[in-house]
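There are 2 protein chains.
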Amino acid sequence: MAPAADPGVEPGVDPSFDPRTGEQHGSVPHTAPEQVAEILRRALGAAPRIAGTSPATREAWLAAVADALRAHEDELVQLAGEETGLGADRLRGELAKCAASTVFYGAVAAEGSYLGAGTEGIGGDSTLSRWNIPVGPVAVFGASNFPFGFGVIGHDVASALGAGCPVVVKAHPAHPRLSVRLAELVADALDRAGAPVGSYALVVGFDAGLQLVDAAEITAVAFTGSQGGGMALVERAAARGVPVFAEMGTVNPVFVTTDAAADSAGIAAGFVGSFTLGAGQFCTKPGLLFAPAGAGLFDAVRAQLGQVPRAPLLTAGIARGYRAGLAGLARAAEATGAEVTGAEASAAATDIPVEPTDGYAVDPRALLVRLEDLHPGSRLLEECFGPVALICEYADAAGALDALVRLQPSLVASVFTGGPGDPESVEVVARLLGQVGRVALNAWPTGVATSWSMQHGGPWPATSRSDATSVGAGALDRFVRPVAVQNADSAHLPAALHPDNPWRIPRRIDGRLTLPTA
Amino acid sequence: MAPAADPGVEPGVDPSFDPRTGEQHGSVPHTAPEQVAEILRRALGAAPRIAGTSPATREAWLAAVADALRAHEDELVQLAGEETGLGADRLRGELAKCAASTVFYGAVAAEGSYLGAGTEGIGGDSTLSRWNIPVGPVAVFGASNFPFGFGVIGHDVASALGAGCPVVVKAHPAHPRLSVRLAELVADALDRAGAPVGSYALVVGFDAGLQLVDAAEITAVAFTGSQGGGMALVERAAARGVPVFAEMGTVNPVFVTTDAAADSAGIAAGFVGSFTLGAGQFCTKPGLLFAPAGAGLFDAVRAQLGQVPRAPLLTAGIARGYRAGLAGLARAAEATGAEVTGAEASAAATDIPVEPTDGYAVDPRALLVRLEDLHPGSRLLEECFGPVALICEYADAAGALDALVRLQPSLVASVFTGGPGDPESVEVVARLLGQVGRVALNAWPTGVATSWSMQHGGPWPATSRSDATSVGAGALDRFVRPVAVQNADSAHLPAALHPDNPWRIPRRIDGRLTLPTA
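These protein sequences, in sequence, are chains P and D. Take the first sequence: its position 248, counting from 1, is numbered 248 in full-length UniProt numbering, and each next residue is one higher. Take the second sequence: its position 92, counting from 1, is numbered 92 in full-length UniProt numbering, and each next residue is one higher.
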């Protein structure tokens, strides 16, 4: 939560840098306090009007947003490339996924299960009816690493709108010009689709973000980013009881069983591809791989890494953080006898350039660590945002699993098995489920599907609320709360509970779950 | 959360007092730290074993607990009467409701919707499956005012066991002997029904409670009580990311429309009955009634109050708190020109006896306050636990409603209307729903049904988590979290997701909610 203290940064603006060169191309002014206050007033005014719309109406709004994003693909990918250096293919893919997920959240709203609607007799003439209402204006703090997936648009914004809440987004300083352009497109699409004034707005600047967290109008906060930033928001908002759904960085483990290790070359290739994807800037990056000793995983990874080109990180701050993190890991490695790939590894430990030489580009790295050095609090396990991962070659699978489940919980784990008959896989999956939100079997953790059964959120401190997900149908549940009305007649009930079920949604009537008739 | 600092209290025990006389009858020793640690170890050991049982198995355990409670009704009501002074009728009713709700939570578990089970294809050969797992050992901090409803037994314990979690209860010092006896019965019933060792245990003493909150084994906390106690637990547990579901005291409003006020005598009688029920020691007590001026509500309440006998409060501390609260209200009333019922009202403002003269008995009171003196932070609105309530006679319904929705949120509100055609009722209910968890129409808030659609939990600070309920089917949701497994074969899936649906539960298959076939 500390503002970037870069010397020479102009006050009152978010400057736009190209990570491929380190050059600045313009800037975006911060939103003034009185402008933020006006945005909040409009959001509060929009809240009951949005809450009064049908889910199908909001489904149409979200479809309009998706259409606008697709119609401006070339422009948006170009702009995102200039501010993130992530490459056109990755950015095109992310934008397409974002548009599809925006449509998906509309469909989840229209399906109506998220409304939790039900009614029953409770003795005598009394009845009790329950349904979920939108909580009100939601503040979204997006991530640096997914300019389309988690921020000005993406999972948090679309699921909050789908659930019937106005949204105010805080622009991430890693891509201010893209943020402003995206917000224009979203606001315009919503406006033309008929959404109320105040349904959506963007603010820019650190102080504007704090103003959101402290504002009485804001009833929930969604955040994607570092543990430091997430926990600062959680604590600040806790003072007035506002929930913060923070999805934070963790070291995600991979467990390779004895049977699976027969294909060590394939696993090494997949692992390198996954932990260097997007220059290692994924919250689902596999950060620590356990493989049986003797399978040569580390050597195979070392060979693969030599073929991975340098890639720019998103910001100068992230590049400095990566270099400092690598240096810390190298020092810890020296102390523990761990082995580090790459010629510059030990140099990195002693001499970190403050200013990058070729934009924010860095080399990927891997460390071979000993099982006995992996314990909660070990410096080896501090998350290092960027293309670095640890490998632990175990002699004994049971002992490795015991050590693994004592480490910090995480968002996701991958397990590689020899197939359905692998005797180790059942216990490994069962025990890892106690530590994570998702286990990917024979798949890398970096692919996150937007679907009904996705769980993107693990036990604290992977997220601030382990019962929440920021991807998938459950994402809407973060932005509603249940209310009950006793003895309501039809004038007091929402359409969700009208006797003729006009929204055609699943409902629980007198304790029995019922589906809409076809 | 401050320990009771009663002078003369024996260290190392919870003394048992009779509120009707103030006399001590024995005591119960505190649980030693090493005993608490052993209880936690056993709970952790039981967690995976309980998690591995079917919901129907746990339904049978809960039925056995309910049977044991019913079989010991006379003994339990006697013991509870000696420690709470709540009267045999009330206690018999509460015990019967507790037994019924214990059975209900078993039925909710067996119905299986709480499992949130679903599976779908996500492209290629990949699949994603999601279901809810129990979080692990739950600590329950019960309430003083519901010896059977919220504590050693009751909503939190039964819903946590139903969801598949071991439970460790902290005994409330208001009824230590009852707590020990209840815990014996529950533990014995669970044991005979086949629940694993460690499924359920009781600890006694303030320090034992802190040990639970700080214990790595405890994964969730349920609390019912004061705002001070609840928020202290929330903050303490937040340091390690453990959710605390705290249901805290608030001033619950009642709104009487112009049409409804025609029956002012009936409303006055109902109001007095509701706010003096259980000597006013209900979290759902109606604390502030708005009625149209000219209907004579305050005078009608004053007349009714004269017929309500003195009743003992639960503990010496609560009785002192009530007298101090009344004194504060009387001082605020003097400053604002409010009118107070009862001859001793102004005396109470100046002279509060530290030791009660006839047990912990107190008189009920009502205050007539002006609308303009009701604002957030007003001393008039500080919750006073006991048989006191405020009445505000409004000249203008719209203005009164505007003032009301600016006050602190609460658990529940009641609205009295002139019937379905009452022009005011729709707006009153709609606006109050933004402030509360439940609105009771033409019913008093103190009746809380245990059913599918109950919502017992309002916006902060009424509860720490406004999306949670501590009564009704949703109570189980507090004690589970979702997990997803990608590409699971049948060996990795719970019975909830086996293709033949052995538990016969609703599931979402490829995005479509499906019901078990009859």
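The beta-carbon is built from N, C-alpha and C at its ideal position, and this holds for glycine as well.
* If you compare alpha carbons, which of Gly116(P), Val471(P) and Gly85(P) is closest to glutamate 247(P)? -> Val471(P)
* **Beta-carbon proximity list for tyrosine 114(D), same chain, < 7 Å, skipping 5 on both sides** => Val108, Asn132, Ala163, Leu476, Asp477 and Val480
* **Between the CA atoms of arginine 70(D) and alanine 99(D) - distance to the nearest angstrom** => 7 Å
* Report the rounded CA-to-CA distance for glycine 142(D) versus glycine 45(D), giving the unit in angstroms. => Approximately 24 Å, taken between the alpha carbons.
* To do: Could you name the residues of chain D that serine 466(P) contacts, counting a contact when the two beta carbons are closer than 7 Å?
  => Simply Arg481.
* glutamine 486(D) versus alanine 319(P) - alpha carbon distance -> 33 Å
* Thinking threonine 224(P) and alanine 158(P) are a contact (beta carbons under 8 Å), I'd like their distance in whole angstroms, please. => Not quite, the Cβ-Cβ distance comes to about 14 Å (not below 8 Å), so this is no contact.
* Asked: What does glycine 266(D) touch in chain P if you count any residue whose Cβ is under 9 Å from its own?
  -> Neighbours of glycine 266(D) on chain P: none; closest Cβ ~16 Å, over 9 Å.
* What residues in its chain sit with their C-beta under 7 Å from that of valine 77(D), if we drop five residues either side in the sequence? -> Ala88, Leu91, Arg92 and Leu95
* Use the C-beta contact count for arginine 310(P): other C-beta atoms within 10 angstroms, 16 or more gives buried, fewer gives exposed. => exposed
* DSSP state of phenylalanine 146(D) mapped onto helix, strand, coil -> The answer is coil: DSSP assigns phenylalanine 146(D) none of H, G, I, E or B.
* **Closer than 7 Å at the beta carbon, the chain P residues around isoleucine 122(D)** => Correct list: Ala449 and Ser451.
* Asked: Using Cβ-Cβ distances below 9 Å, what residues of the region 477-503 of chain D are close to chain P?
  -> Asp477, Arg478, Val480, Arg481, Pro482, Val483, Ala484, Val485, Gln486, Asn487, Ala488, Asp489, Ser490, Ala491 and His492
* Asked: Going straight from the alpha carbon of threonine 53(P) to that of glycine 287(P), what length do you get?
  -> The alpha-carbon atoms of threonine 53(P) and glycine 287(P) are separated by roughly 44 Å.
* To do: With 7 Å as the limit, tell me which residues of the region 427-451 of chain P have their beta carbon closer than that to any beta carbon of chain D; keep them in chain order.
  => Val429, Leu433, Gly437, Arg438, Val439, Ala440, Leu441, Asn442, Ala443, Ala449 and Ser451
* **Segment contact flag, the region 215-232 of chain P with the region 179-189 of chain P, C-beta cutoff 8 Å, min 3 pairs** => no
* Would you decide whether residue 533(P) is buried or exposed? Buried here means 16 or more other CB atoms lie within 10 Å of its CB. => This structure cannot speak to residue 533(P), because chain P is shown only from 1 to 518.
* Could you say which of Leu128(D), Glu217(D) and Ala335(D) lies nearest to serine 378(D) if we only look at CA atoms? => Ala335(D)
* Endpoints, the beta strand (DSSP E) within which serine 410(P) is located -> Counting along the chain, the beta strand (DSSP E) containing serine 410(P) begins and ends at 410-416.
* To do: Give the residues of chain D in contact with leucine 515(P), contact being defined as C-beta atoms less than 7 Å apart.
  => Leu513 and Leu515
* To do: Compile a chain-ordered list of the residues in the region 233-248 of chain P whose CB is closer than 9 Å to at least one CB of chain D.
  => Val234, Glu235, Ala238, Arg240, Gly241, Val242 and Pro243
* Could you say which of Gly116(D), Glu372(D) and Ala300(D) lies nearest to alanine 400(D) if we only look at CA atoms? => Glu372(D)
* Taking just the CA atoms, how far does threonine 219(D) sit from glutamate 382(D)? -> 32 Å
* Asked: Using a beta-carbon distance below 8 Å, is isoleucine 133(P) in contact with chain D?
  -> Yes, its Cβ sits closer than 8 Å to a Cβ of chain D.
* To do: Kindly say whether threonine 276(D), judged by its beta-carbon, lies nearer than 8 Å to any beta-carbon of chain P.
  => No, because no Cβ of chain P sits closer than 8 Å to the Cβ of threonine 276(D).
* Roughly how many whole angstroms lie between the Cα atoms of threonine 250(P) and glycine 151(P)? -> The alpha-carbon of threonine 250(P) is positioned some 19 Å away from that of glycine 151(P).
* If you run the structure through DSSP and keep just helix, strand and coil, what is alanine 174(D)? -> coil
* What residue range is occupied by the uninterrupted alpha helix (DSSP H) comprising glutamate 98(D)? -> What sits at residue 98(D) in the sequence shown is cysteine, not glutamate. Per DSSP, cysteine 98(D) belongs to the alpha helix (DSSP H) from 88-111.
* To do: Give the DSSP-derived three-state secondary structure of glutamine 227(D) in the structure shown.
  => helix
* Asked: Where alanine 345(D) and threonine 446(D) are concerned, what is the direct C-alpha to C-alpha distance, given to the nearest angstrom?
  -> The pLDDT assigned to alanine 345(D) is 47, lower than 50, so where the model puts this residue is not dependable, and the model offers no usable value.
* Asked: Do you know offhand how far threonine 84(P)'s Cα is from leucine 314(P)'s?
  -> Cα to Cα, threonine 84(P) sits roughly 5 Å from leucine 314(P).
* Asked: When the cut-off is 8 Å and only beta carbons count, does proline 118(D) lie next to chain P?
  -> Just to set this straight, residue 118(D) is glycine in the shown sequence, not proline. Closer than 8 Å to some Cβ of chain P, the Cβ of glycine 118(D) qualifies, so yes.
* To do: Look at isoleucine 509(P) and alanine 496(P) and say whether their C-beta atoms are less than 8 Å apart.
  => no
* **Helix, strand or coil at phenylalanine 385(D) [DSSP, three-state]** => coil
* To do: Keeping to the same chain, check which residues put their C-beta closer than 8 Å to that of leucine 380(D); ignore five residues upstream and five downstream.
  => Leu329, Ala332, Ala333, Thr336, Ala338, Leu367, Val369, Asp373, Leu374 and Leu390
* **Three-way DSSP call (helix, strand, coil) for tryptophan 61(D) in this model** => helix
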